[in-house]
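Engineer: Mind looking over this structure? Questions follow.
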Amino acid sequence: MDGAGLARRVVEETATRAAELTRSTGVTPCLATVLVGEDPASVTYVRMKQARSAKAGILSRHVGLPATTTTAELVETITALSNDPTVHGILLQHPVGPHIDERAAFEAIAPGKDVDGVTMHSFAAMSFGLPGFVSCTPGGIMRLLEEYDVELAGKHAVVVGRSAILGKPAGMLLLAKDATVTYCHSRTANLSALVKEADIVVAAVGRPRLIRGEDIKPGAVVIDAGYNPGNVGDVDFDTARTRAGLITPVPGGVGPMTIAVLLAQTVEAAARQLGT
Ligand code: NAP
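My numbering numbers the first residue of the sequence shown as 24 and each following residue consecutively.
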């Protein structure tokens, strides 16, 4: 599954929509990025998001805070962005330092600006099938499945990983499409037997090549959201591809879709705030 190609198209569509919005309202969509500290990987991610935003005609407003920032200071900064009418979307780059209450910081993001889909409001809205923003990586996964016309109703989807931003929302979105969903995690007994039963496998763990080809049911759809050092996914691609009907590569699969969904949701947020 060509995530890179689909992401390019989604970004092009987003750029067209952003340009139309700017033309019709005189306001350019703006994404605020907030980074605490200078972790090199986080700095790179934020720069990448800013560069892609620029390509899509979205303004970036960056707020860099020192590593010593307290929860109260971070909440105050994010609250100010939530109240700033010139900012349409807010992205808090995470993980933030261990001394910060990440959940409190996320919850300071106004639901209408939660374009990264990290707040409890967004999760609940998504789970209830109400309007709101989805967590970007699960949103990107669903867009890929849609693009490849993957039938989900009545299929058994096995999601490996249950983080709040990835595994859990991915399972909820699959459930909303009438898949029968099994969640697996670090305490799951006999992971291999469960994966063997899956029509759709979503790997969202962060363990290189945890899912082996021999566990893939012939013809299954394999989505690898994992990203480990050395550009390695959570699925052993070389063995899994020989059995899978469809499979996402790493890199070039889920990763580019995540940023594409972030940009699309930023323009959607701006459109809603501008009442168009
Ligand atoms: P996370 O918060 O560390 O969660 C990992 C999940 O995997 C947990 O639910 C954990 O179970 C489970 N797990 C750990 N070891 C396991 C094992 N041996 N068997 C089964 N389950 C196991 O990670 P995350 O933030 O969800 O990220 C997961 C992966 O996706 C990482 O590689 C990350 O880099 C990647 N990612 C990619 C993108 C993208 O844009 N492509 C975006 C976000 C994340 P417990 O809950 O029991 O601990």
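Note that CB positions come from ideal geometry on N, CA and C, so glycine has one too.
Given the structure is predicted, the values throughout are model-derived calculations rather than measurements.
Buried or exposed: GLY298, going by 16 or more other Cβ atoms within 10 Å of its Cβ?
Structural biologist: In the sequence shown, counting from the first residue as 1, residue 298 sits at position 275. Exposed: under 16 other Cβ atoms inside 10 Å.
Engineer: Taking all protein chains shown into account, do 16 or more other C-beta atoms lie within 10 angstroms of the C-beta of ASP247, making it buried, or fewer, making it exposed?
Structural biologist: By one-based count along the sequence shown, residue 247 stands at place 224. The residue is buried, with at least 16 neighbouring Cβ atoms inside 10 Å.
Engineer: Does ligand 1 have even one heavy atom less than 6 Å from the beta-carbon of SER158?
Structural biologist: Mapped onto the sequence shown, residue 158 falls at position 135. Because no heavy atom of ligand 1 lies under 6 Å away, the Cβ of SER158 does not count as near it: no.
Engineer: DSSP three-state call for SER145: helix, strand or coil?
Structural biologist: Here residue 145 refers to the residue found at position 122 of the sequence shown. Looking at SER145 - three-state DSSP - the assignment turns out to be helix.
Engineer: Below 8 Å, how does it come out for the region 261 to 268 and the region 281 to 289: are there three or more Cβ pairs, yes or no?
Structural biologist: Cβ pair count under 8 Å is below three, so no.
Engineer: Rounded to whole angstroms, what is the Cα-Cα separation between VAL182 and ARG46?
Structural biologist: On the sequence shown, position 159 is the one that residue 182 refers to. On the sequence shown, position 23 is the one that residue 46 refers to. In a straight line, the C-alpha of VAL182 is about 42 Å away from that of ARG46.
Engineer: Near ARG84, which residues of its chain fall below 7 Å by C-beta distance, leaving aside the five closest residues on each side in sequence?
Structural biologist: By 1-based counting over the sequence shown, the position of residue 84 is 61. For ARG84, where only same-chain residues beyond five positions count, the Cβ hits under 7 Å are CYS53, ALA55 and VAL110.
Engineer: In the DSSP assignment, what residue or residues form a beta bridge with CYS159?
Structural biologist: The count along the sequence shown starts at 1 and reaches residue 159 at position 136. BP columns for CYS159 are empty, so no partner.
Engineer: Check whether the Cβ of HIS85 lies closer than 6 Å to any heavy atom of ligand 1, and answer yes or no.
Structural biologist: Along the sequence shown, read from residue 1 onward, the residue named residue 85 stands at position 62. The answer is no for HIS85.
Engineer: With a cut-off of 8 Å on the beta carbons, I'd call GLU86 and VAL57 a contact; round off their distance for me.
Structural biologist: Here residue 86 corresponds to residue number 63 of the sequence shown, with the count starting at 1. Here residue 57 corresponds to residue number 34 of the sequence shown, with the count starting at 1. Here residue 86 is Val; the residue named in the question, Glu, does not match the sequence. The Cβ separation is near 5 Å, so the contact holds.
Engineer: Exposed or buried, what is PHE129 when buried is set at 16 or more other beta-carbons lying within 10 Å of its beta-carbon?
Structural biologist: Your numbering for residue 129 matches position 106 in the sequence shown. Label assigned to PHE129: buried.
Engineer: Mapping the DSSP letters down to three states, classify THR262 as helix, strand or coil.
Structural biologist: Position 239 of the sequence shown, counting from 1, holds the residue named residue 262. If DSSP states are grouped into helix, strand and coil, THR262 belongs with the helices.
Engineer: Check each residue's C-beta against every heavy atom of ligand 2 and list, in chain order, those closer than 5 Å.
Structural biologist: Of the ligands one can find in the structure shown, namely ligand 1, none is ligand 2.
Engineer: One question on the structure: do THR92 and VAL59 come within less than 7 Å of each other, judged by their Cβ atoms?
Structural biologist: For the purposes of this step, residue 92 is taken as the residue at position 69 of the sequence shown. For the purposes of this step, residue 59 is taken as the residue at position 36 of the sequence shown. Cβ atoms of THR92 and VAL59: closer than 7 Å.
Engineer: Output yes or no for whether 7 Å exceeds the beta carbon distance between LEU197 and CYS207.
Structural biologist: Position 174 of the sequence shown holds residue 197. Position 184 of the sequence shown holds residue 207. Contact: no.
Engineer: Rounded C-beta distance between SER145 and MET195? I'm assuming under 8 Å.
Structural biologist: For the purposes of this step, residue 145 is taken as residue 122 along the sequence shown, with counting starting at 1. For the purposes of this step, residue 195 is taken as residue 172 along the sequence shown, with counting starting at 1. The Cβ separation is near 11 Å, so there is no contact.
Engineer: From this set, GLN296, GLU291 and ARG295, which residue's C-alpha is nearest THR39's C-alpha?
Structural biologist: Residue mapping note: residue 39 aligns to position 16 of the sequence shown, counting from 1. Considering only alpha carbons, the answer is GLU291.
Engineer: Candidates GLY120, LEU217, GLY152 and GLU169: which alpha carbon is nearest GLY26's?
Structural biologist: Here residue 26 corresponds to residue number 3 of the sequence shown, with the count starting at 1. Closest by alpha carbon: GLU169.
Engineer: If you pair each beta-carbon of the region 263 to 281 with each one of the region 233 to 244, do three or more pairs fall below 8 Å?
Structural biologist: Contact holds: three or more Cβ-Cβ distances are below 8 Å.
Engineer: Kindly list the residues whose CB is nearer than 6 Å to the CB of GLN296, restricted to its own chain and excluding five residues on each side of it in sequence; keep chain order.
Structural biologist: To locate residue 296, count along the sequence shown from 1; it is residue 273. HIS111, listed in sequence order.
Engineer: How about PRO192 and ALA30: do their beta carbons lie closer than 7 Å?
Structural biologist: One-based indexing of the sequence shown puts residue 192 at position 169. One-based indexing of the sequence shown puts residue 30 at position 7. Their beta carbons are not under 7 Å apart, which means PRO192 does not touch ALA30 by this criterion.
Engineer: Please go through the same chain and pick out, in chain order, the residues whose beta-carbon is closer than 7 Å to the beta-carbon of ALA221, but skip the five residues on each side of it.
Structural biologist: Locating residue 221 in the sequence shown gives position 198, counting from the first residue. HIS179, ALA180, VAL181, LYS240 and ALA243, listed in sequence order.
Engineer: Can the beta-carbon of ILE123 be found closer than 7 Å to that of THR94?
Structural biologist: The count along the sequence shown starts at 1 and reaches residue 123 at position 100. The count along the sequence shown starts at 1 and reaches residue 94 at position 71. Yes, these two residues count as a Cβ contact at 7 Å.
Engineer: By the three-class DSSP mapping on this structure, what secondary structure does ALA55 have?
Structural biologist: Taking the sequence shown and counting its residues from 1, the one referred to as residue 55 is at position 32. It is a strand residue.
Engineer: Would you mind giving the Cβ-Cβ distance between GLY80 and THR102, rounded to the nearest angstrom? I have them listed as a contact below 8 Å.
Structural biologist: Here residue 80 is taken as the residue at index 57 of the sequence shown, counted from 1. Here residue 102 is taken as the residue at index 79 of the sequence shown, counted from 1. The pair is not a contact, with the Cβ atoms about 27 Å apart (cut-off 8 Å).
Engineer: Mind reading off the beta-carbon distance from ALA226 to ASP257? Whole number of angstroms is fine, and I expect it under 8 Å.
Structural biologist: Taking the first residue of the sequence shown as position 1, residue 226 is located at position 203. Taking the first residue of the sequence shown as position 1, residue 257 is located at position 234. Between ASP257 and ALA226 the Cβ distance is about 4 Å, and since that is below 8 Å, they are a contact.
Engineer: From TYR250 to PRO231, what does the alpha carbon distance come to, in whole angstroms?
Structural biologist: As a first step, residue 250 is located in the sequence shown; it is residue number 227 there, counting from the start. As a first step, residue 231 is located in the sequence shown; it is residue number 208 there, counting from the start. Cα to Cα, TYR250 sits roughly 8 Å from PRO231.
Engineer: Measure how close the beta-carbons of VAL157 and ALA131 come, nearest whole angstrom, since I'm counting them as under 8 Å.
Structural biologist: Against the sequence shown, residue 157 aligns to sequence position 134. Against the sequence shown, residue 131 aligns to sequence position 108. 20 Å between Cβ atoms; not a contact.
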